[in-house]
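Under the numbering used here, the letters of the sequence shown match residues 2 to 197, in that order. Where is the CB? At the ideal position from N, CA and C, for every residue including glycine. This report concerns only the one structure given below.
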Amino acid sequence: MKRLHILLFPLLLALGACGEGDGEAPCAPLIGGGSYCLQPTTALAPFDVQQKVEATFRGRRETMIAEIESDAEGMRFVGLTPFGQKLLQVAYDNRAASAATLPDRRISPALLIALLQIALWPADAVRAGLEEPLTLDENAGRRRILNRGEATISIDYRGAQPPYRGLRIAVPAADLELEIETLEALDTIAADGKES
2 MKRLHILLFP LLLALGACGE GDGEAPCAPL IGGGSYCLQP TTALAPFDVQ QKVEATFRGR
62 RETMIAEIES DAEGMRFVGL TPFGQKLLQV AYDNRAASAA TLPDRRISPA LLIALLQIAL
122 WPADAVRAGL EEPLTLDENA GRRRILNRGE ATISIDYRGA QPPYRGLRIA VPAADLELEI
182 ETLEALDTIA ADGKES
């Protein structure tokens with residue numbers, strides 16, 4: 002468990018330990034330059050998902066379980082160790098991002114929500130959140146955030162719609178790669194077992 006804290010703390014700091022902007026929507030500076038302003042959660046159909054996250058940061062690999070819930074009221078994210086200990090808890094109420102639990106106060110809750118939105122929100126909503134010079138490049142199964150033509154975040158998808166069956170997110174400037182797999186709900190597994 003201590004190993005996971007040792008990995009997650011520098012990983013989150015590398016992604017951007019910055020505060021929120023003063024604009025209409027909270028904005029988060031992104032690694033590689035530029036900012037992303039959080040978009041309303043109504044841009045996406047409500048969902049509730051549990052995912053396994055394999056994080057590789059500077060050659061070290063760790064696992065986290067992420068629980069994400071998004072609806073018209075906002076978005077909630079909880080990161081857990083594989084044994085269920087809460088590592089971080091972040092929320093966005095469509096006005097501000099906040100954290101109940103973070104491994105370090107210098108980590109911006111808005112940045113964590115921004116990364117989730119960049120990965121999951123519809124392309125038009127992501128474009129609306131990007132501030133110049135950032136642009137979004139998207140084609141079949143792949144999304145990239147570009148800063149003056151250079152990819153700063155790359156996302157590859159498995160599945161047709163959010164929250165997707167799987168994602169691979171790369172942030173080269175941070176030497177970070179996330180392999181994310183959506184876990185089946187226990188009730189779905191139980192229902193499948195009863196039908197067999």
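Item to complete: Would you mind sorting residue 149 into buried or exposed? The rule is 16 or more other CB atoms within 10 Å of its CB.
Response: As a working note, residue 149 is residue 148 in the sequence shown. By the neighbour-count rule (16 or more Cβ atoms within 10 Å), residue 149 is not buried but exposed.
- Message: Quick check: what's the CA-CA separation for residue 104 versus residue 87?
- Response: Sequence index remark: in the sequence shown, residue 104 carries index 103 (1-based). Sequence index remark: in the sequence shown, residue 87 carries index 86 (1-based). Whole-angstrom Cα-Cα distance: 10 angstroms.
Nearest to residue 120 by CA position, among 60, 70, 154 and 34, is which residue? For the purposes of this step, residue 120 is identified with residue 119 of the sequence shown, where counting begins at 1. Taking only the C-alpha atoms, the option nearest residue 120 is 154.
Member of 41, 34 and 31 whose CA lies at the smallest distance from the CA of residue 126:
As a first step, residue 126 is located in the sequence shown; it is residue number 125 there, counting from the start. Closest option to residue 126, Cα to Cα, is 41.
Fill in: Spatially closest choice to residue 96 from 117, 157, 74 and 30, by CA coordinates
Locating residue 96 in the sequence shown gives position 95, counting from the first residue. Out of 117, 157, 74 and 30, 74 has the C-alpha closest to the C-alpha of residue 96.
Assess, as a yes-or-no matter, whether the stretch 32 to 50 is touched by the stretch 163 to 178 under the definition of 3 or more beta carbon pairs within less than 8 angstroms. yes
Q. Quick one: what's got a C-beta closer than 6 angstroms to residue 27's C-beta in the same chain, skipping five residues either side?
A. Taking the first residue of the sequence shown as position 1, residue 27 is located at position 26. So the qualifying residues of the chain are 21, 39, 97, 98 and 111.
* Exposed or buried, what is residue 56 when buried is set at 16 or more other beta-carbons lying within 10 Å of its beta-carbon? -> For this step, residue 56 is matched to residue 55 along the sequence shown. Buried, because 16 or more other Cβ atoms sit within 10 Å of the Cβ of residue 56.
**Item:** residue 118, DSSP secondary structure in three states
**Value:** Position 117 of the sequence shown holds residue 118. It is helical.
Spatial neighbours of residue 167 in its chain, beta-carbon cut-off 7 angstroms, leaving aside the 5 residues before and after
Sequence index remark: in the sequence shown, residue 167 carries index 166 (1-based). Answer for residue 167: 159, 160, 181, 182 and 183, listed in chain order.
Buried or exposed (CB count within 10 angstroms, at least 16 for buried), residue 47
Here the question's residue 47 lines up with position 46 in the sequence shown. Counting Cβ neighbours within 10 Å, residue 47 comes out exposed, since fewer than 16 surround it.
(message) At the level of alpha carbons, what is the spacing between residue 133 and residue 163?
(response) Position 132 of the sequence shown, counting from 1, holds the residue named residue 133. Position 162 of the sequence shown, counting from 1, holds the residue named residue 163. The straight-line gap from Cα to Cα measures roughly 26 angstroms.
Coil, strand or helix - residue 24 by DSSP | For the purposes of this step, residue 24 is taken as the residue at position 23 of the sequence shown. Here residue 24 scores only 36 on pLDDT, less than 50, and its place in the model is too uncertain to base an answer on.
Original post:
So residue 65 and residue 81 are in contact, right, with Cβ under 8 angstroms, and what is the actual spacing, rounded?
Top reply: Looking up residue 65 in the sequence shown gives position 64. Looking up residue 81 in the sequence shown gives position 80. That pair is a contact at about 7 angstroms.
Which whole-angstrom value describes the C-beta separation of residue 90 and residue 101, a residue pair presumed to lie in contact below a C-beta threshold of 8 angstroms?
-> Locating residue 90 in the sequence shown gives position 89, counting from the first residue. Locating residue 101 in the sequence shown gives position 100, counting from the first residue. Right, the Cβ-Cβ distance comes to about 4 angstroms (below 8 angstroms), so this counts as a contact.
Check your understanding: If you run the structure through DSSP and keep just helix, strand and coil, what is residue 82?
Key -> Here the question's residue 82 lines up with position 81 in the sequence shown. Coil, per DSSP.
| message | Give me the residue from 84, 108 and 114 with the minimum Cα distance to residue 92. | response | Start at 1 with the first residue of the sequence shown, and residue 92 comes out as number 91. Taking only the C-alpha atoms, the option nearest residue 92 is 114.
| Closer than 9 angstroms, CB to CB, is residue 59 near chain B or not? | This model lacks chain B altogether, as it is built from one protein chain only.
Self-check item: Alpha carbon of residue 78 to alpha carbon of residue 122, nearest angstrom
Solution: Counting from one through the sequence shown, the residue named residue 78 turns up at place 77. Counting from one through the sequence shown, the residue named residue 122 turns up at place 121. Distance between the alpha carbons of residue 78 and residue 122 is about 15 angstroms.
Quick one: give me the first and last residue of the alpha helix (DSSP H) that residue 33 is part of. Indexing the sequence shown from 1 puts residue 33 at position 32. First-last for residue 33: undefined, no H or E at that position.
CA-CA distance, residue 173 and residue 157? Here residue 173 refers to the residue found at position 172 of the sequence shown. Here residue 157 refers to the residue found at position 156 of the sequence shown. So the alpha carbons of these two residues sit roughly 14 angstroms apart.
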